[in-house]
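Novice:
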């Protein structure tokens, strides 16, 4: 783990600093986190194991961090978030660049913007989305946020294989997410979310299915920006996303002992976060 931190921390910090100007601390916020398993929309982001076969362990630690800069009270903001990952050959980090505009619309907190996911060393996973969200908070019932993200890049995290010359596109893949949070005790907050990924028709033609993901858990606030969250995360349609974890033995008329693993499998995940 110390070796992972020594390698990953410079890789996480440098692109973050390069993406943002040096600004007043009052407008700049940051965060760093350690997680036992990084899932994105219900799917494991650490998949490549020995000989590139799928990892099956529930413990796949990742280090994460980012910075956000708000342009005063204008509502405009930019940011960069990074995480160690392992699902593309030649790549070990995800670097997200985003910018948007937040504003009030009656009782709703609105947010619109654009986000690009970059995978240095293997750009086949690069994806760009436009997003919009509406949030509502009530002291009695908690906070709700409904967010929709729409893919405008030629591919969606490499699923269409566009860069490899498949002729297929991931454009118009959509993701809808409803998140809820409520403080249920001193320093304890209940958190839950459900999302739906609507794959493009080209991606579905390859056998991948649109699916539902979920995230249910709670967080504890230690104070001074330090918190610990525990949650169960996963997704349905597991059989549509199987990867070979053990090829078995080839007997000439078929493989014996072949095993598979789905990144959609539900996992209990712990995440320690420090807000700066």
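Numbering (the numbering used here), first residue to last: 429 to 704.
Backbone N, C-alpha and C fix where the C-beta goes; we use that ideal spot for every residue, glycine too.
1) Short of 7 Å in beta carbon distance, which residues of its chain neighbour residue 635, apart from the five on each side in sequence? Order them along the chain.
2) Tell me the DSSP bridge mates of residue 482?
3) By Cβ distance, which residues of its chain are closer than 7 Å to residue 673, with the 5 residues on each side in sequence left out?
4) Mapping DSSP to helix, strand and coil, what is residue 552?
5) Apply the 10 Å Cβ neighbour rule to residue 699 and answer buried if 16 or more other Cβ atoms are within range, or exposed otherwise.
6) According to DSSP, is residue 636 part of a helix, a strand, or is it coil?
7) For residue 556, count neighbouring Cβ atoms within 10 angstroms of its own Cβ and tell me buried if that reaches 16, exposed if not.
8) Going by beta-carbon coordinates alone, are residue 692 and residue 471 separated by less than 8 Å?
9) Look at residue 469 and residue 587 and say whether their C-beta atoms are less than 8 Å apart.
10) Which of helix, strand or coil does DSSP assign to residue 669?
11) Under the DSSP definition of a beta bridge, which residues are partnered with residue 621?
12) Residue 496 by DSSP, collapsed to three states: which one?
13) Could you check where the beta strand (DSSP E) with residue 513 kicks off and where it finishes?
14) Measure how close the beta-carbons of residue 619 and residue 597 come, nearest whole angstrom, since I'm counting them as under 8 Å.
15) Would you give the residue range spanned by the beta strand (DSSP E) that residue 576 belongs to?
16) Relative to the alpha-carbon of residue 593, which residue among 552, 622, 502, 628 has its alpha-carbon at the smallest distance?
17) By Cβ distance, which residues of its chain are closer than 8 Å to residue 676, with the 5 residues on each side in sequence left out?
18) Does residue 517 pass the burial test, meaning 16 or more other C-beta atoms within 10 Å, or should it be called exposed?
19) Can you name the start and end residues of the beta strand (DSSP E) that residue 590 belongs to?
20) In terms of residue numbering, what span does the beta strand (DSSP E) encompassing residue 536 cover?
21) From residue 647 to residue 599, what distance separates their C-alpha atoms?
22) Which residues mark the beginning and the end of the beta strand (DSSP E) in which residue 695 is found?
23) Note down the Cα distance separating residue 528 from residue 654, rounded to an integer number of angstroms.
Specialist: Taking the definition as stated:
1) 668
2) 476
3) 481, 482, 484, 687, 688, 689
4) helix
5) buried
6) coil
7) buried
8) yes
9) no
10) helix
11) 607, 643
12) strand
13) Element bounds for residue 513: n/a, residue is neither H nor E.
14) Their Cβ separation, rounded to whole angstroms, is 34 Å, which puts residue 619 and residue 597 out of contact at 8 Å.
15) 570 to 579
16) 552
17) 683, 684, 685, 686, 687
18) exposed
19) No beta strand (DSSP E) holds residue 590; DSSP gives it neither H nor E.
20) 536 to 546
21) 35 Å
22) 695 to 703
23) 26 Å
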